[in-house]
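Residues 216 to 302 (our numbering) are what the sequence shown spells out, left to right.
Note that beta-carbon positions come from the ideal geometry of N, C-alpha and C, so glycine has one too.
The block underneath contains the structure these notes are about, expressed in C-alpha coordinates.
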Amino acid sequence: MVTYGVPGRWLRHKEDGTVYNYNDILVKNPAVEEVSEEIAFPEKYIPAKQKGREAKLSLSTETEVVDKVQPRKGAGHTVKATGGKKK
(Lines of atoms letter the chains of each structure in order from A and count residues from 1; the text may use other names and numbers.)
(Lines give C-alpha, C1' and ligand atoms only; values in the text may rest on other atoms or scores of the structure.)
Protein backbone atom coordinates (compact mmCIF):
# COMPACT_ATOMS: atom_id res chain seq x y z
CA MET A 1 0.00 0.00 0.00
CA VAL A 2 1.39 3.36 -0.99
CA THR A 3 1.05 6.19 1.51
CA TYR A 4 1.03 9.69 0.11
CA GLY A 5 1.86 12.70 2.24
CA VAL A 6 3.49 12.75 5.67
CA PRO A 7 2.48 9.95 8.07
CA GLY A 8 0.84 11.26 11.23
CA ARG A 9 -0.13 14.65 9.77
CA TRP A 10 -3.63 15.33 8.51
CA LEU A 11 -5.47 18.13 6.76
CA ARG A 12 -9.19 18.84 7.08
CA HIS A 13 -11.33 20.96 4.79
CA LYS A 14 -12.98 23.67 6.92
CA GLU A 15 -16.31 23.66 5.07
CA ASP A 16 -17.13 20.00 4.46
CA GLY A 17 -14.83 18.23 6.97
CA THR A 18 -13.09 15.98 4.44
CA VAL A 19 -9.79 14.63 5.81
CA TYR A 20 -6.72 14.40 3.58
CA ASN A 21 -3.14 13.21 4.05
CA TYR A 22 -0.72 16.06 4.62
CA ASN A 23 0.39 17.54 1.30
CA ASP A 24 2.52 20.65 0.65
CA ILE A 25 0.19 21.77 -2.12
CA LEU A 26 -3.04 21.32 -0.13
CA VAL A 27 -1.66 23.08 2.95
CA LYS A 28 -1.42 26.33 0.92
CA ASN A 29 -5.20 26.30 0.40
CA PRO A 30 -6.86 28.72 2.91
CA ALA A 31 -9.92 26.44 3.20
CA VAL A 32 -7.76 23.61 4.62
CA GLU A 33 -6.38 23.37 8.16
CA GLU A 34 -3.93 20.95 9.77
CA VAL A 35 -5.52 18.80 12.47
CA SER A 36 -4.30 16.13 14.87
CA GLU A 37 -5.08 12.46 14.40
CA GLU A 38 -7.55 12.59 17.34
CA ILE A 39 -9.62 15.20 15.51
CA ALA A 40 -9.24 13.59 12.08
CA PHE A 41 -10.25 10.10 13.28
CA PRO A 42 -12.28 10.37 16.52
CA GLU A 43 -13.57 6.78 16.22
CA LYS A 44 -10.06 5.51 17.09
CA TYR A 45 -10.04 7.42 20.38
CA ILE A 46 -13.39 6.55 21.97
CA PRO A 47 -13.14 6.43 25.79
CA ALA A 48 -13.58 3.00 27.38
CA LYS A 49 -16.84 4.03 29.06
CA GLN A 50 -18.42 4.62 25.62
CA LYS A 51 -17.30 1.36 24.02
CA GLY A 52 -20.68 -0.34 24.26
CA ARG A 53 -24.00 -0.51 26.01
CA GLU A 54 -25.86 -3.48 27.36
CA ALA A 55 -29.15 -4.29 25.69
CA LYS A 56 -32.29 -3.62 27.73
CA LEU A 57 -34.20 -6.32 25.85
CA SER A 58 -33.42 -9.96 25.51
CA LEU A 59 -31.71 -10.36 22.14
CA SER A 60 -31.42 -14.13 22.32
CA THR A 61 -32.68 -16.21 19.42
CA GLU A 62 -33.55 -19.34 21.37
CA THR A 63 -36.50 -21.25 19.90
CA GLU A 64 -38.49 -21.25 23.15
CA VAL A 65 -38.44 -17.43 23.26
CA VAL A 66 -39.39 -17.13 19.58
CA ASP A 67 -42.26 -19.63 19.97
CA LYS A 68 -43.84 -17.55 22.77
CA VAL A 69 -44.18 -14.46 20.58
CA GLN A 70 -47.71 -13.99 19.26
CA PRO A 71 -48.13 -12.93 15.62
CA ARG A 72 -49.55 -9.45 15.16
CA LYS A 73 -52.83 -8.87 13.33
CA GLY A 74 -52.57 -7.26 9.93
CA ALA A 75 -48.95 -8.25 9.40
CA GLY A 76 -49.66 -10.12 6.14
CA HIS A 77 -50.57 -8.64 2.78
CA THR A 78 -53.96 -9.52 1.27
CA VAL A 79 -53.52 -7.80 -2.11
CA LYS A 80 -53.13 -10.25 -4.99
CA ALA A 81 -50.91 -9.29 -7.89
CA THR A 82 -52.50 -11.56 -10.52
CA GLY A 83 -54.86 -8.89 -11.84
CA GLY A 84 -57.07 -11.18 -13.89
CA LYS A 85 -59.00 -10.22 -17.06
CA LYS A 86 -60.61 -6.82 -17.54
CA LYS A 87 -64.29 -6.82 -18.41
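Check	Outcome
Please list, in chain order, all residues of the same chain as valine 250 whose beta carbon is under 8 Å from its beta carbon, the five residues on each side excluded.	Trp225, Leu226, Arg227, Val234
From what residue to what residue does the beta strand (DSSP E) around glutamate 252 run?	From DSSP, glutamate 252 is part of no beta strand (DSSP E) but of the alpha helix (DSSP H) over 252-255.
Check whether the Cβ atoms of alanine 246 and lysine 264 sit closer than 8 Å, and answer yes or no.	no
With DSSP as the reference, label leucine 272 as helix, strand or coil.	coil
In whole angstroms, give me the CA-to-CA distance for glutamate 248 and lysine 271.	42 Å
Report the three-state DSSP secondary structure of glutamate 277 (helix, strand or coil).	coil
First and last residue of the beta strand (DSSP E) that includes valine 221?	221-228
With distance defined between alpha-carbon atoms, name the residue in Glu269, Asn238, Gly232 nearest to glycine 223.	Asn238
Would you mind stating whether asparagine 244 and glycine 220 have Cβ atoms separated by less than 8 Å?	no
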